[in-house]
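There are 4 protein chains.
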Amino acid sequence: MTLNVAVLVGSLRKGSYTRMLAQALAEVAPDTLKLSIVEIGDLPLYNEDLDGDAAPAAWTRFRSEVKAADAVMFLTPEYNRSVPGALKNAIDVGSRPYGGSSWSGRPGAVISCSPGGIGGFGANHHLRQSLVFLDVPVMQQPEAYLGGVNKFFDDQGKVTNEDTRKFLTTIMTTFAKWAETNRKR
Amino acid sequence: MTLNVAVLVGSLRKGSYTRMLAQALAEVAPDTLKLSIVEIGDLPLYNEDLDGDAAPAAWTRFRSEVKAADAVMFLTPEYNRSVPGALKNAIDVGSRPYGGSSWSGRPGAVISCSPGGIGGFGANHHLRQSLVFLDVPVMQQPEAYLGGVNKFFDDQGKVTNEDTRKFLTTIMTTFAKWAETNRKR
Amino acid sequence: MTLNVAVLVGSLRKGSYTRMLAQALAEVAPDTLKLSIVEIGDLPLYNEDLDGDAAPAAWTRFRSEVKAADAVMFLTPEYNRSVPGALKNAIDVGSRPYGGSSWSGRPGAVISCSPGGIGGFGANHHLRQSLVFLDVPVMQQPEAYLGGVNKFFDDQGKVTNEDTRKFLTTIMTTFAKWAETNRKR
Amino acid sequence: MTLNVAVLVGSLRKGSYTRMLAQALAEVAPDTLKLSIVEIGDLPLYNEDLDGDAAPAAWTRFRSEVKAADAVMFLTPEYNRSVPGALKNAIDVGSRPYGGSSWSGRPGAVISCSPGGIGGFGANHHLRQSLVFLDVPVMQQPEAYLGGVNKFFDDQGKVTNEDTRKFLTTIMTTFAKWAETNRKR
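In structure tokens:
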């Protein structure tokens, strides 16, 4: 049995390390997980006045894609010691309309990264606070604060360091168990 | 001497209580403060690829308005136990380009609100964490977690309860001193 | 099958509302859970110099009791917008010595309370941040920020309000499922 | 004019890096600041039943020393992604009895450290959340998340790396200005 995993990437720039990380994680994931990026860059800023039957098409598309997933992974850099606005906006869009959240009950993981040593700790835990409200049970260990992410990849986007590759593999193996244990039934 | 205060409103819907709060606070502010709302609803999601000389006009407009202010106030509801994506996006836009943050050194205040009793506590403190990085010295007391905000106003947007009005006045009086003490010189 | 639940109470005063809450939760818990308070008031402040073979008896007692449990519940007031020092100290004691944490893998719940309306939100989420590190999978919903806790009980410590009683029952019923799903195997 | 600075050290073990840091910071502080460690290791866990006229002598001693200070510095390792229980307990003791907080209005700084790369980020910001409530205006920049602290010192406790020494000097110089600007008058 395969679980579909919606992957959200918190950085919008094309060559982002976070997006490369999504690819790297997909490569080491066990066969029981199928990872697909759900795009967030075209979502208009959430405004309740626009929601409802005539909601922007991008919101509707996004909500459908999240609802179709069995599990969710959040990969994110840190902007100003917190979650990038673009990613938080996606979370807000997915949480509405009131009573119709797309997130509820889908098991999740949070992986933060940064070029510096702190590895996006602030973004990671702010995200976790939102996921309590959204009823997304989040894998606790291994925590993933990936520092020095700018040195992870070669020109083809392959992870060069063996220890890093092993850690990413451990993340995905553990998450597969977590998602299987906590998936909606 | 008058200090110009940039006011950011975290909710985009037209009839938002947070926006009414901005008006109410302006009315009780001492003469030494001039409050003006800086709009955030038209800011494209931050994407480093778009930044630089050809940055979106809305970003440039926003950055200029923040830079022209002597102090900043953040009024915000809570979305999913954190800062609304739209407001966080504005903070991100204002923090860039690298080395050219619009926020640095401007004294600030954070006021959160909600219809329920918790008063946006989660949004309030997540915002404060970002403001550490952005070097915005934030007024500590009075803390403002305004619960029951949906019952604050009459049809003309006037605050009906005398205690509430007094508390808003105390906030503004204390902030005037805070902003004067900590303004850039 | 019955799961043993270690209950930690964050307030040390005898007549504390948090302790009364422990009793009230035990009364509405399903038969599959057996709740027992693990005392924290006699634990010396954690100091690595004192740890090891000659560790204080209270530390050893505490660690044994947590290790004997299948699941853990943290009931706590908020002190200064965070976890009471006494409760955090207990968490620190249980997390050591290095490599021998008593917490790992035990499913948990966090319930915060306060006389005021905010219900210990700050303590609740600070605790959750520690529990990520400690590999305690924490129930996300229902969140429990119990405001007005000083009005919950009659002279015999019984919960007087029916809605409150129902909410406490829902907490325990949901936690029973959470603990069963995520218990160590 | 000299400001007295109460320094709290979050680790109780004798040879703690955090305590060595206190010494190192005192050495590079400008003449306008006089740093003194206020000990926290003998404070009984806070229990409201014990407070009042017959409060433990260690509490009374601690409260007097904090009240005698013009400013406060918190130096802390991270325990389980948050503030060590011993330090949080000291904060709680100083905040009481109700209405008689020892902290109010004293400008402060938070400096966290760890052997690893994250530098105590979690402890740092949890502490800051408490200091909002306690009305301690906290210096925002430079943020101090001191990673690799176990390699800072030689056998005599001297900071060996010139860049580290410069950063510690910048912290103290900036704090001197912050404390002067925001001290109680």
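Chains as they are written, first to last, in the numbering used here: chain A, 2 to 186; chain B, 2 to 186; chain C, 2 to 186; chain D, 2 to 186.
Glycine included, each C-beta is placed from N, C-alpha and C at the ideal position.
**Message:** I want to know whether the stretch 43-53 of chain C touches the stretch 8-22 of chain D - three or more CB-CB distances under 8 Å.
**Reply:** yes
**Request:** Enumerate in chain order the residues of its own chain whose CB-to-CB distance from N151 (chain B) is below 8 Å, with the five nearest sequence positions on each side excluded.
**Result:** Taking the second sequence and counting its residues from 1, the one referred to as residue 151 (chain B) is at position 150. Correct list, in chain order: Y18 and P116.
**Message:** Is it buried or exposed, K185 (chain C), if we count other Cβ atoms within 10 angstroms and call 16 or more buried?
**Reply:** One-based indexing of the third sequence puts residue 185 (chain C) at position 184. If you draw a 10 Å sphere on the C-beta of K185 (chain C), you find fewer than 16 other C-beta atoms in it, and that means exposed.
**Message:** Taking 8 Å as the cut-off, does the stretch 96-114 of chain C touch the stretch 140-160 of chain D (at least 3 CB pairs, one atom from each stretch)?
**Reply:** Touching, no, given that fewer than three Cβ pairs across the two stretches are closer than 8 Å.
**Request:** Return the chain-ordered list of same chain residues with a C-beta closer than 7 Å to the C-beta of E79 (chain C), the five sequence neighbours on each side being excluded.
**Result:** Numbered from 1 along the third sequence, position 78 holds the residue referred to as residue 79 (chain C). S113, S115, G121, G123 and A124, listed in sequence order.
**Prompt:** Any idea if Q141 (chain C) is buried or exposed, counting beta-carbon neighbours within 10 angstroms, 16 or more meaning buried?
**Reply:** Within the third sequence, numbered from 1, the residue matching residue 141 (chain C) stands at position 140. Buried, since its Cβ has 16 or more Cβ neighbours within 10 Å.
**Item:** Rounded separation between A110 (chain B) and A180 (chain A) - CA only
**Value:** Position 109 of the second sequence, counted from the first residue, corresponds to residue 110 (chain B). Position 179 of the first sequence, counted from the first residue, corresponds to residue 180 (chain A). The C-alpha of A110 (chain B) lies about 41 Å from the C-alpha of A180 (chain A).
**Request:** Compare the C-beta of G158 (chain A) against all C-beta atoms of chain F and say whether one is closer than 9 Å.
**Result:** Within the model displayed, chain F is absent; protein chains A, B, C and D are what it includes.
**Request:** Would you check whether the ligand MG has a heavy atom nearer than 8 Å to the C-beta of R184 (chain A)?
**Result:** Absence of the ligand MG is noted for the structure shown, with no ligands found whatsoever.
**Prompt:** Do L34 (chain C) and V73 (chain C) have their CB atoms nearer than 9 Å?
**Reply:** Residue numbering aside, residue 34 (chain C) sits at position 33 when the third sequence is read from its first letter. Residue numbering aside, residue 73 (chain C) sits at position 72 when the third sequence is read from its first letter. The answer is no: Cβ separation not under 9 Å.
**Supposed close pair V10 (chain B), I38 (chain B) - CB separation, criterion 8 Å** = On the second sequence, residue 10 (chain B) is found 9 positions in, with the first residue counted as 1. On the second sequence, residue 38 (chain B) is found 37 positions in, with the first residue counted as 1. Yes, V10 (chain B) and I38 (chain B) are in contact; Cβ-Cβ is about 6 Å, under 8 Å.
**Request:** Please state whether DSSP places F153 (chain B) in a helix, a strand or coil.
**Result:** Against the second sequence, residue 153 (chain B) aligns to sequence position 152. DSSP places F153 (chain B) in coil when its eight states are reduced to three.
**Message:** What would DSSP say about Y18 (chain D), mapped onto helix, strand or coil?
**Reply:** Indexing the fourth sequence from 1 puts residue 18 (chain D) at position 17. DSSP places Y18 (chain D) in helix when its eight states are reduced to three.
**Request:** Give the interface partners of L22 (chain B) over in chain A, defined as CB-CB distance under 9 Å, in chain order.
**Result:** In the second sequence, counting from the first residue as 1, residue 22 (chain B) sits at position 21. In chain order: nothing, as chain A lies at least about 16 Å away.
**Message:** At 3 residues or longer, what runs of the beta strand (DSSP E) sit wholly inside the stretch 72-146 of chain B?
**Reply:** 72-77 and 109-115
**Item:** Under 9 Å from the C-beta of I119 (chain A): neighbouring residues of chain D
**Value:** Translated into positions along the first sequence, residue 119 (chain A) becomes position 118. Chain order gives the chain D residues near I119 (chain A) as G118, I119, G120, F122, Y146 and G148, where near means a beta carbon separation below 9 Å.
**Message:** Out of D:I92, D:I119 and D:M173, which one is the CA nearest neighbour of R129 (chain D)?
**Reply:** Here the question's residue 129 (chain D) lines up with position 128 in the fourth sequence. For R129 (chain D), the nearest C-alpha among the options comes from D:I92.
**Request:** Scan the stretch 129-140 of chain B for residues whose Cβ lies nearer than 9 Å to a Cβ of chain D and list them as they occur along the chain.
**Result:** R129, Q130, L132, V133, F134, L135, D136, V137, P138, V139 and M140
**Asked** Within 10 angstroms of its Cβ, does P31 (chain B) collect 16 or more other Cβ (buried), or is it exposed?
**Response** Here residue 31 (chain B) is taken as the residue at index 30 of the second sequence, counted from 1. Exposed, by the Cβ-count rule.
**Asked** Would N151 (chain C) count as contacting chain D if we go by Cβ distances under 9 Å?
**Response** Position 150 of the third sequence holds residue 151 (chain C). No, N151 (chain C) does not count as interfacial toward chain D.
**Item:** Supposed contact pair V139 (chain C) and L76 (chain C) - C-beta distance, whole angstroms, cut 8 Å
**Value:** By one-based count along the third sequence, residue 76 (chain C) stands at place 75. By one-based count along the third sequence, residue 139 (chain C) stands at place 138. About 14 Å; that fails the 8 Å criterion.
**Request:** Could you check if M2 (chain A) is buried or exposed, using at least 16 other CB atoms within 10 Å of its CB as the buried criterion?
**Result:** In the first sequence, counting from the first residue as 1, residue 2 (chain A) sits at position 1. Classification of M2 (chain A): exposed, given that the 10 Å Cβ count is below 16.
**Asked** Between which two residues does the alpha helix (DSSP H) harbouring K68 (chain A) extend?
**Response** Within the first sequence, residue 68 (chain A) is the residue found at index 67, counting from 1. Element bounds for K68 (chain A): A58 to K68.
**Item:** Spatial distance of E28 (chain C) from V137 (chain D) (CA atoms)
**Value:** The sequence position of residue 28 (chain C) within the third sequence is 27, counting from 1. The sequence position of residue 137 (chain D) within the fourth sequence is 136, counting from 1. About 42 Å.
**Asked** At least one CB of chain D closer than 9 Å to the CB of R64 (chain A): is that the case?
**Response** The count along the first sequence starts at 1 and reaches residue 64 (chain A) at position 63. It does not: the Cβ of R64 (chain A) has no partner Cβ on chain D nearer than 9 Å.
**Message:** Could you give the first and the last residue of the continuous alpha helix (DSSP H) run that contains N183 (chain D)?
**Reply:** Position 182 of the fourth sequence, counted from the start, is the residue given in the question as residue 183 (chain D). Looking at the DSSP string, the run of the alpha helix (DSSP H) that includes N183 (chain D) is E163 to N183.
**Request:** Ignore the nearest five residues each way along the sequence and tell me which others in K159 (chain B)'s own chain have a CB closer than 8 Å to its CB.
**Result:** Walking along the second sequence from the start, residue 159 (chain B) turns up at place 158. Answer for K159 (chain B): A25, listed in chain order.
**Request:** Name the one or two DSSP bridge partners that G148 (chain B) has.
**Result:** Taking the first residue of the second sequence as position 1, residue 148 (chain B) is located at position 147. DSSP, once it has assigned bridges, lists B:S115 as partnering G148 (chain B).
**Asked** Alpha carbon to alpha carbon, what distance is there between L4 (chain C) and V133 (chain B)?
**Response** By one-based count along the second sequence, residue 133 (chain B) stands at place 132. By one-based count along the third sequence, residue 4 (chain C) stands at place 3. Rounded to the nearest angstrom, the two C-alpha atoms are 44 Å apart.
**Message:** Run through chain C and tell me which residues come within less than 7 Å of K89 (chain D), C-beta to C-beta.
**Reply:** The residue you call residue 89 (chain D) lines up with position 88 of the fourth sequence. Those are S83, V84, G86 and K89, listed as they occur along chain C.
**Prompt:** For K89 (chain D), does the count of other Cβ atoms within 10 angstroms reach 16, so buried, or fall short, so exposed?
**Reply:** Counting from 1 along the fourth sequence, the entry for residue 89 (chain D) is found at position 88. Buried: at least 16 other Cβ atoms inside 10 Å.
**Prompt:** Residues of chain B with CB under 8 Å from T182 (chain D), in chain order?
**Reply:** In the fourth sequence, residue 182 (chain D) corresponds to position 181, counting from 1. Listed by position along chain B, the residues whose Cβ is nearer than 8 Å to that of T182 (chain D) are T182 and N183.
**Item:** Euclidean distance between Cα positions of E173 (chain A) and R166 (chain A)
**Value:** Here residue 173 (chain A) refers to the residue found at position 172 of the first sequence. Here residue 166 (chain A) refers to the residue found at position 165 of the first sequence. Per the sequence shown, the amino acid found at residue 173 (chain A) is Met instead of Glu. Going from the Cα of M173 (chain A) to the Cα of R166 (chain A) covers about 11 Å.
**Beta-bridge pairing of S12 (chain A) - partner residues as DSSP gives them** = Taking the first residue of the first sequence as 1, we reach residue 12 (chain A) at position 11. As computed with DSSP, S12 (chain A) is found in no beta bridge at all.
**Item:** Environment of E163 (chain D) [buried if 16+ CB atoms lie within 10 Å]
**Value:** On the fourth sequence, position 162 is the one that residue 163 (chain D) refers to. Counting Cβ neighbours within 10 Å, E163 (chain D) comes out exposed, since fewer than 16 surround it.
**Prompt:** What is the rounded straight-line gap between the Cα of M21 (chain A) and the Cα of T170 (chain D)?
**Reply:** Here the question's residue 21 (chain A) lines up with position 20 in the first sequence. Here the question's residue 170 (chain D) lines up with position 169 in the fourth sequence. Going from the Cα of M21 (chain A) to the Cα of T170 (chain D) covers about 39 Å.
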